[in-house]
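Each position in the sequence shown, counted from 1, maps to that position plus 15 in my numbering. Heads up: the structure comes next, in C-alpha cells.
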Amino acid sequence: MNLIKTTSKTNPLYVGEFRSQQECAHLTANFRKSFPDEITSVNIKRSVIQNLLDNENVSGIRFMYGLGDKNDAASRVIILMPCNFTMQGNIPNVIFNKSGFYTHNGDMISLDDACGKQVNHVFRMKSQNPEIAYTKILRGYFLGKAGLLELINRVTDEYVSYNFGYDITSNSTLKPVIRSIDGDDDGLDHGKLCPPDTDCGMESDITCVATYVAEYYAANKEGELNILRGFRDIVLNENLASAAIEKYYTISASIMEQLYKDVAKTEVAQTLYHNYFKTSVASLVADDKAQAFRIFEECMQYLTDKYLYQ
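Given below as C-alpha cells:
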C-alpha cells in the first residue's frame with residue numbers, strides 16, 4: 016500500500032474547482048438523459064458539511080453513494096465521510112468515528128449500515144451495466160475543504176444541492192456538481208472519483224495485510240502469499256457484492272495507516288501471523304474456503320477494534 020504525505024501538488028485541501036452555470040447544466044442534462052430512472056439530485060444540509068469541516072484534521076469529504084433499497088431510486092442516500100491528509104493513491108483516508116457517519120439529511124448511521132447502503136448502490140449500478148466490474152463501479156466523490164468552505168459561504172439556504180452529472184466527453188464519467196438549491200450560480204466539481212482511474216482502495220491488493228505480516232514471519236513468504244492471492248481472486252471476488260467486502264475496502268487503508276504508525280507493530284504482525292495468516296493458509300490448503308473467509312472476517316474485526324477509531 017502506497018501511503019504518501021501531502022505536498023503542494025497532492026494536498027487534498029485544494030481538490031475541487033468551480034464550473035460555470037452552463038457547464039453544470041450540460042452535465043446534469045446528460046445525466047437525466049442517460050439515467051432517466053434515477054433521481055437527479057439530493058439536498059445536503061449545509062450545517063452537516065460545516066460541522067465536519069470544523070475539524071482541523073479534516074482535509075475534505077468523500078460523498079459516498081448509497082440506497083436504502085436497491086430497487087428504489089428514491090431511497091438514494093449520500094453518506095458524508097470526512098478524510099484526513101494521508102493519501103492512498105490520489106484520495107485521502109477516511110476518518111472513522113464510533114458513532115458513525117452523517118447522511119445528507121443530518122442523520123447518523125453506523126459503519127455497517129453505511130456499507131449496506133453502499134452495496135445496494137453497487138447492486139443497482141451493476142444491474143444497469145452488467146459488463147462493468149464491481150471494483151469499477153463509482154461509489155462516491157471526494158472534494159477538498161477549501162472549495163467546500165467557499166461553496167457553503169456562498170450559499171445562504173439551509174441546504175446545498177448535490178446534482179448528479181454525466182460527462183460524455185471524458186469516458187462517459189459520472190461527475191456531480193454541488194451548488195445552491197436554485198442553481199443560479201457556479202457549481203463545485205473537479206473532485207476525485209472513488210474509485211478513480213488510479214487506485215483509491217478498490218483495486219488495491221486485498222492481501223495487503225498478509226503481505227505486511229509475511230515480511231516479518233513467513234518462512235515461505237511467496238508460496239503462502241500466492242495461496243492467499245488465489246483465495247482473493249476466487250473467494251473474495253465471489254463476495255464482492257457484499258457488505259463485508261464493501262466494509263473491507265472502506266476501512267483497509269485507514270487501518271494500514273494506523274498499523275504502520277504502531278510502535279508495537281512487530282508484535283502485532285506476530286499475532287496476525289499465528290492467529291490468522293497461518294490458519295487461513297491451512298484452511299485453503301485443506302480446500303475449506305468457507306473457513307478461510309471466516310478467518311478473514313475475524314482478522315478484519317481484530318484490526319478494526321485495534322486501529323480504526325484512533
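A virtual CB, placed ideally from N, CA and C, is assigned to each residue, including glycine.
Worksheet item: Which residues in the same chain as residue 74 place their Cβ atom closer than 7 Å to its Cβ, once the five residues preceding and following it in sequence are excluded?
Response: Position 59 of the sequence shown, counting from 1, holds the residue named residue 74. Hits under 7 Å: 27, 28, 98, 99, 100, 107, 159, 160.
Fill in: First through last residue of the alpha helix (DSSP H) which encompasses residue 61
The residue labelled residue 61 in the question sits at position 46 within the sequence shown. 61-68 is the extent of the alpha helix (DSSP H) around residue 61.
Worksheet item: Are the stretch 113-127 and the stretch 33-40 touching by the rule of at least three beta carbon pairs closer than 8 Å?
Response: no
Fill in: As assigned by DSSP and simplified to three states, the class of residue 191
Here the question's residue 191 lines up with position 176 in the sequence shown. Residue state, collapsed to three classes: coil.
Worksheet item: What distance in whole Å lies between the Cβ atoms of residue 45 and residue 183, which are believed to be in contact at a cut-off of 8 Å?
Response: Residue mapping note: residue 183 aligns to position 168 of the sequence shown, counting from 1. Residue mapping note: residue 45 aligns to position 30 of the sequence shown, counting from 1. Residue 183 to residue 45, Cβ: 6 Å. Contact.
Worksheet item: Which same chain residues, not among the five before or five after residue 147, have their C-beta less than 8 Å away from its C-beta?
Response: Start at 1 with the first residue of the sequence shown, and residue 147 comes out as number 132. Here the set comprises 140, 141.
Practice prompt. Report buried or exposed for residue 57, applying the criterion of at least 16 other Cβ atoms within 10 angstroms of its Cβ.
Written response: Translated into the one-based positions of the sequence shown, residue 57 becomes position 42. Buried, because 16 or more other Cβ atoms sit within 10 Å of the Cβ of residue 57.
Worksheet entry | Beta-carbon gap between residue 96 and residue 79 smaller than 7 Å | The count along the sequence shown starts at 1 and reaches residue 96 at position 81. The count along the sequence shown starts at 1 and reaches residue 79 at position 64. Taking 7 Å as the Cβ cut-off, residue 96 and residue 79 qualify as a contacting pair.
Worksheet entry | Spatially closest choice to residue 43 from 304, 188, 239, 111, by CA coordinates | On the sequence shown, residue 43 is found 28 positions in, with the first residue counted as 1. Comparing Cα positions, the closest option is 188.
Fill in: Neighbourhood of residue 217 by C-beta, 6 Å cutoff - its chain only, sequence neighbours within 5 removed
For this step, residue 217 is matched to residue 202 along the sequence shown. The predicted model places residue 217 with a pLDDT of 49, which falls under 50 and marks its position as unreliable, so this point remains unresolved.
Item to complete: Please classify residue 146: does DSSP put it in a helix, a strand, or coil?
Response: Along the sequence shown, one-based indexing puts residue 146 at 131. The answer is coil: DSSP assigns residue 146 none of H, G, I, E or B.
Worksheet item: Just how far apart, CA to CA, sit residue 47 and residue 34?
Response: Taking the first residue of the sequence shown as 1, we reach residue 47 at position 32. Taking the first residue of the sequence shown as 1, we reach residue 34 at position 19. Whole-angstrom Cα-Cα distance: 18 Å.
Worksheet item: Are residue 177 and residue 93 touching if we call contact CB-CB under 7 Å?
Response: Taking the sequence shown and counting its residues from 1, the one referred to as residue 177 is at position 162. Taking the sequence shown and counting its residues from 1, the one referred to as residue 93 is at position 78. Yes, Cβ-Cβ distance for residue 177 and residue 93 is below 7 Å.
Worksheet item: Taking C-beta to C-beta, are residue 287 and residue 242 nearer than 7 Å?
Response: Residue mapping note: residue 287 aligns to position 272 of the sequence shown, counting from 1. Residue mapping note: residue 242 aligns to position 227 of the sequence shown, counting from 1. No, the pair does not count as a contact, with Cβ atoms beyond the cut-off.
Fill in: 8 Å Cβ shell around residue 154 - same chain, five flanking residues per side excluded
Taking the sequence shown and counting its residues from 1, the one referred to as residue 154 is at position 139. Counting only Cβ-Cβ distances below 8 Å, and skipping sequence neighbours, we find 79, 80, 133, 136, 137, 209, 210, 217.
Worksheet item: Mapping DSSP to helix, strand and coil, what is residue 176?
Response: The residue given as residue 176 occupies position 161 in the sequence shown. It is a strand residue.
Practice prompt. Look at residue 31 and residue 162 and say whether their C-beta atoms are less than 7 Å apart.
Written response: Within the sequence shown, residue 31 is the residue found at index 16, counting from 1. Within the sequence shown, residue 162 is the residue found at index 147, counting from 1. Yes, they are a contact pair.
Practice prompt. Answer yes or no: do residue 54 and residue 91 have a C-beta to C-beta separation smaller than 7 Å?
Written response: Taking the sequence shown and counting its residues from 1, the one referred to as residue 54 is at position 39. Taking the sequence shown and counting its residues from 1, the one referred to as residue 91 is at position 76. Yes, these two residues count as a Cβ contact at 7 Å.
Fill in: Beta-carbon proximity of residue 181 to residue 49, cut-off 7 Å
For this step, residue 181 is matched to residue 166 along the sequence shown. For this step, residue 49 is matched to residue 34 along the sequence shown. It is a contact, given that the beta carbons lie within the stated cut-off.
Worksheet entry | Separation of residue 318 from residue 294, as counted between CA atoms | The residue you call residue 294 lines up with position 279 of the sequence shown. The residue you call residue 318 lines up with position 303 of the sequence shown. Cα-Cα distance, rounded: 17 Å.
Worksheet item: Are there 16 or more other CB atoms within 10 angstroms of the CB of residue 370, so buried, or fewer, so exposed?
Response: In this structure the chain extends from 16 to 325, so residue 370 is not present and cannot be described.
Worksheet item: Can the beta-carbon of residue 207 be found closer than 7 Å to that of residue 157?
Response: For the purposes of this step, residue 207 is taken as the residue at position 192 of the sequence shown. For the purposes of this step, residue 157 is taken as the residue at position 142 of the sequence shown. Yes; because the gap between Cβ atoms is below 7 Å, this pair is in contact.
Worksheet item: Beta-carbon separation of residue 292 and residue 225 under 7 Å?
Response: Here the question's residue 292 lines up with position 277 in the sequence shown. Here the question's residue 225 lines up with position 210 in the sequence shown. It is a contact, given that the beta carbons lie within the stated cut-off.
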